[in-house]
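Enquirer: Residue numbers (my numbering): 197 to 467. Where is the CB? At the ideal position from N, CA and C, for every residue including glycine.
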Ligand code: AMP
Ligand code: MG
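As structure tokens, this is what we get:
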């Protein structure tokens, strides 16, 4: 599926109507689900090696942003795509309802603190984009305030990029029908009930408002240095393949090298 993912990457200023983006399609993969799952295991091994190199080189920082409607599969991506990577160099930052201390600061304060260090991959499970999504939909700040945030976010991400952070942003795109199935599964399966909150139903009722807010995010904040990918996400295996492939291709394009050995290492004798 080399390069086939490119059709999911948004160009800067590209107009987005999410209803036109199929959530079920699997056109960049010729095989079926079984082959895809086997291929993902190979990708896991490739990612493990690339991450080792990233960690050894300690030059680049990698930031991966995951956003989705509830049940969109952010946790599943983290589990499946990063299976086997060395936890020393990978970190997940999950952004929940801000604390009182966080609310006392600007909205990017808690975000910047979690940005990756050299050699590190950080996965944002939700992100600063909540400040133009949930915050907008629930009118937690005025329109005048959230409208300015697209420019702040683009400037913030540009700064991170200019200072050596590679940024990839994935919107896991599920359909409203698929969300219904997944929420029902959370209610029916005792091992998933902990994930369910009745608040999720209230959010589901706001589906169209969230969709409009996401369309704005995707149109206004996909940039050359921090592109968005719209990932068809009704099928978990396809979603995982796309994201894993994009991350691997991006890491490969960095031409990373292991640091040079100490001079004279070839003459070292251990007795
Ligand atoms: P979960 O990801 O299911 O653990 O839920 C985290 C909750 O925190 C979601 O309902 C988010 O919308 C909410 N959340 C995250 N960031 C913010 C924010 N900046 N302002 C308000 N709510 C937020
Ligand atoms: Mg939740």
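Suppose you measure from the CA of residue 421 to the CA of residue 259; what does that come to, to the nearest Å?
Expert: C-alpha separation (whole angstroms): 12 Å.
Enquirer: Kindly indicate the opening and closing residues of the alpha helix (DSSP H) around residue 331.
Expert: Per DSSP, residue 331 belongs to the alpha helix (DSSP H) from 330-333.
Enquirer: Starting from residue 261, follow its DSSP beta bridges and name the residues at the other end.
Expert: According to DSSP, which records beta bridges pairwise, residue 261 is partnered with 320 and 365.
Enquirer: Considering residue 424, what are the terminal residues of the alpha helix (DSSP H) in which it resides?
Expert: Segment 424-428 is the beta strand (DSSP E) holding residue 424; no alpha helix (DSSP H) there.
Enquirer: For residue 394, verify whether its CB is less than 7 Å away from any heavy atom of ligand 2.
Expert: No, since every heavy atom of ligand 2 falls outside the 7 Å radius drawn around the Cβ of residue 394.
Enquirer: State yes or no: is the C-beta of residue 266 within less than 8 Å of the C-beta of residue 411?
Expert: No.
Enquirer: Using the Cα positions of residue 289 and residue 264, report the straight-line distance between them to the nearest angstrom.
Expert: Their Cα atoms are separated by approximately 15 Å.
Enquirer: Would you call the CB atoms of residue 286 and residue 247 closer than 8 Å?
Expert: The answer is yes: Cβ separation under 8 Å.
Enquirer: When every heavy atom of ligand 2 is checked, does at least one fall within less than 7 Å of the C-beta of residue 271?
Expert: Not so, every heavy atom of ligand 2 lies at least 7 Å from the Cβ.
Enquirer: Shorter than 7 Å, the distance from the beta carbon of residue 320 to the closest heavy atom of ligand 1, or not?
Expert: Not so, every heavy atom of ligand 1 lies at least 7 Å from the Cβ.
Enquirer: Report the three-state DSSP secondary structure of residue 382 (helix, strand or coil).
Expert: Helix.
Enquirer: Is the stretch 291-301 touching the stretch 416-435 in the sense that three or more CB pairs, one from each, lie closer than 8 Å?
Expert: Short answer: they don't touch.
Enquirer: According to DSSP, simplified to helix, strand and coil, what is residue 286?
Expert: DSSP places residue 286 in strand when its eight states are reduced to three.
Enquirer: Mind checking which residues open and close the alpha helix (DSSP H) that includes residue 400?
Expert: 395-401 is the span of the alpha helix (DSSP H), which, as asked, contains residue 400.
Enquirer: On the DSSP bridge assignment, give the partners of residue 205 in chain order.
Expert: Residue 205 pairs with 425.
Enquirer: Measuring straight from C-alpha to C-alpha, what distance separates residue 205 and residue 415?
Expert: Roughly 12 Å between the two C-alpha positions.
Enquirer: Compute the Euclidean distance between the alpha carbons of residue 297 and residue 395, then round it to the nearest angstrom.
Expert: Rounded to the nearest angstrom, the two C-alpha atoms are 24 Å apart.
Enquirer: Under the rule that 16 or more other beta-carbon atoms within 10 Å means buried, what is residue 334, buried or exposed?
Expert: That one is exposed.
Enquirer: Do residue 342 and residue 328 have their CB atoms nearer than 8 Å?
Expert: Yes. Within cutoff.
Enquirer: Can you give the beta carbon distance from residue 428 to residue 219, rounded, assuming they're within the 8 Å contact cut?
Expert: At roughly 5 Å, the Cβ-Cβ gap stays under 8 Å, so residue 428 and residue 219 are in contact.
Enquirer: If you check the beta carbons only, do residue 349 and residue 324 fall under 8 Å apart?
Expert: Yes. Within cutoff.
Enquirer: What's the C-alpha gap between residue 464 and residue 233?
Expert: Distance between the alpha carbons of residue 464 and residue 233: 45 Å.
Enquirer: Going straight from the alpha carbon of residue 308 to that of residue 344, what length do you get?
Expert: Taking the straight line from one Cα to the other gives about 18 Å.
Enquirer: Rounded to a whole number of angstroms, what is the C-alpha to C-alpha distance between residue 278 and residue 442?
Expert: When rounded, the distance between both Cα atoms is 13 Å.
Enquirer: Do the CB positions of residue 353 and residue 446 come within less than 8 Å of each other?
Expert: No. Outside cutoff.
Enquirer: Our contact map puts residue 257 next to residue 313 with C-beta atoms below 8 Å; I'd like the distance itself, whole angstroms only.
Expert: Right, their Cβ atoms sit about 6 Å apart.
Enquirer: Tell me which same chain residues have a C-beta within less than 7 Å of the C-beta of residue 208, skipping the five on either side of it?
Expert: Excluding positions up to five away in sequence, the list reads 418, 419 and 420.
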